[in-house]
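K.L.:
Have a look at this one before I ask anything.
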Amino acid sequence: MDYSAINIRYGKLAGSDCCLSCGGAINYAKPGVGEVCVDLGSGRGTDVLRMADEVGETGFVYGIDISDGMLEKARQNALRLEIQNAKFIHCGLEKIELTDNTADLVISNCTINHAADKASVWSEVYRILKKGGRFVVSDIYSIAPIPEEYRTDPVAVAECWAGAVTRSEYLETLTTLGFIRIGIIEESKPYLKGKAEVASLTITGMKPSGGCCS
Ligand SMILES: C[S@@+](CC[C@H](N)C(=O)[O-])C[C@H]1O[C@@H](n2cnc3c(N)ncnc32)[C@H](O)[C@@H]1O
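Counting from 15, one number per residue, gives the positions in the sequence shown under our numbering.
Encoded structure:
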C-alpha cells in the first residue's frame, strides 16, 4: 500500500487542532473497566487517551495509525497526561499488528473510508475482536458510487471522500464477514464533500460469541 498522500495530509494536520471526526463513535462506545480497546486511525490520540482513562489500570488501549506525524503527536499527548495503559502502533488498517482475539471493543472515526481494501480492514476488525466483542465506528459513505477518476486519486482519497463506498456496499461487507447485531446509531443527511455527495454514519456490530444465542 502507498500511504504517501495520507502521510502528507495528516502530517500537516497533526499540529492543528481542527476536528477530523465525522461522528460520535467515542460517545457511544462505552468502554468498561478492564477492557482492551483499539482505535483505528487514532490521529492525535484523543479518543485513545479518553478510553485509557475509562478502562482504568486493568484495561489497555491501542491506537493504530499510519501517519508518523499523528503518532508523534499522540505519543506526546500520552506522555504529557502520564497515561501508562495505552500504546500507539504504526501500521495500516489492512494488516493490524495485533494478535487474534485481542479486543473487547474496536472504535474508529472517519478513517476506514481511506482504505482501498475495506473488506481486508473489516476482516482485520473481526480477527482482532474477541468472541462477543463489539465495534462502534463513525465513517463516511457515498450516496452514489465514486467515479473511478476520483477513487484512484490518492489525494482525493486522503481528503475523506473519494474512498467512500455506498451505504449498501458498506453494510454488505459487514454482514458477509459474519458480524451480528449490526445497527446504525446515527446518520447525517447527505452533504457535499470534495466532488461527491456523502453522508456520515455511526454504526455498531458484534463478533458472534459462539454461544447458542450468539
Ligand atoms: C480523518 S483522521 C481521523 C483521526 C481521529 N480518528 C479523529 O477522529 O480525530 C484519519 C486518520 O486515519 C489515519 N489513516 C488513514 N488511512 C489509514 C490507513 N489505511 N491505515 C492506518 N491509518 C490510516 C490518518 O493518518 C489519520 O490520522
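Backbone N, C-alpha and C fix where the C-beta goes; we use that ideal spot for every residue, glycine too. From a predicted model like this one, the values you see are computed outputs, not experimental measurements.
Since Ala213 contacts Lys203 with CB under 8 angstroms, what's their CB separation in whole angstroms?
P.N.:
The residue labelled residue 213 in the question sits at position 199 within the sequence shown. The residue labelled residue 203 in the question sits at position 189 within the sequence shown. Yes, they are in contact, since the Cβ atoms of Ala213 and Lys203 sit about 7 angstroms apart, within 8 angstroms.
K.L.:
Taking C-alpha atoms, which residue in Gly37, Ile196, Glu96, Glu68 lies nearest to Phe149?
P.N.:
Numbered from its first residue, the sequence shown carries residue 149 at position 135. For the residues Gly37, Ile196, Glu96, Glu68, the minimum Cα distance to Phe149 belongs to Ile196.
K.L.:
Apart from the five residues just before and just after Leu63, which ones in its own chain have a Cβ nearer than 7 angstroms to its Cβ?
P.N.:
Within the sequence shown, numbered from 1, the residue matching residue 63 stands at position 49. Taken in chain order, the residues that qualify are Asn91, Ala92, Leu95, Ile97, Ala100.
K.L.:
Please report the straight-line C-alpha distance between Thr180 and Pro159, rounded to a whole angstrom.
P.N.:
For this step, residue 180 is matched to residue 166 along the sequence shown. For this step, residue 159 is matched to residue 145 along the sequence shown. Cα to Cα, the separation comes out at about 6 angstroms.
K.L.:
Helix, strand or coil: how does DSSP classify Val179 here?
P.N.:
Translated into positions along the sequence shown, residue 179 becomes position 165. Coil, per DSSP.
K.L.:
Measuring only the C-alpha atoms, how far is Ile22 from Gly224?
P.N.:
As a position in the sequence shown, residue 22 is number 8, starting the count at 1. As a position in the sequence shown, residue 224 is number 210, starting the count at 1. Whole-angstrom Cα-Cα distance: 42 angstroms.
K.L.:
Ser122 to Asp153, Cα distance in whole Å?
P.N.:
The residue you call residue 122 lines up with position 108 of the sequence shown. The residue you call residue 153 lines up with position 139 of the sequence shown. C-alpha separation (whole angstroms): 8 angstroms.
K.L.:
Closest to Ala178 by CA distance: which of Ser30, Thr190, Pro161 is it?
P.N.:
Residue mapping note: residue 178 aligns to position 164 of the sequence shown, counting from 1. It is Pro161.
K.L.:
Given a cut-off of 8 angstroms, decide if Gly59 and Gly37 are closer than it, judged by their beta-carbon atoms.
P.N.:
Residue numbering aside, residue 37 sits at position 23 when the sequence shown is read from its first letter. Residue numbering aside, residue 59 sits at position 45 when the sequence shown is read from its first letter. Their beta carbons are not under 8 angstroms apart, which means Gly37 does not touch Gly59 by this criterion.
K.L.:
With respect to 7 angstroms, is the separation between the Cβ of Ser137 and the closest non-hydrogen atom of ligand 1 below this value?
P.N.:
Here residue 137 refers to the residue found at position 123 when the sequence shown is read from its first residue. Flag unset: Cβ of Ser137 not near ligand 1.
K.L.:
Rounded to the nearest angstrom, what separates Ala43 and Ile217 at their Cα positions?
P.N.:
As a first step, residue 43 must be located in the sequence shown, where it is residue number 29. As a first step, residue 217 must be located in the sequence shown, where it is residue number 203. Between Ala43 and Ile217, the C-alpha separation is close to 10 angstroms.
K.L.:
Please return the same chain residues whose Cβ sits closer than 7 angstroms to the Cβ of Ala133, not counting the five positions on each side in sequence.
P.N.:
Locating residue 133 in the sequence shown gives position 119, where the first residue counts as 1. Excluding sequence neighbours, Ala133 sits near Thr187.
K.L.:
Could you give the residue range of the alpha helix (DSSP H) that holds Leu93?
P.N.:
What you label residue 93 is simply residue 79 of the sequence shown in a count that begins at 1. Taken as a continuous stretch (DSSP letters only), the alpha helix (DSSP H) holding Leu93 covers 82-94.
K.L.:
Does the Cβ of Gly192 have 16 or more other Cβ atoms within 10 Å, making it buried, or fewer, making it exposed?
P.N.:
On the sequence shown, position 178 is the one that residue 192 refers to. Flag for Gly192 reads exposed.
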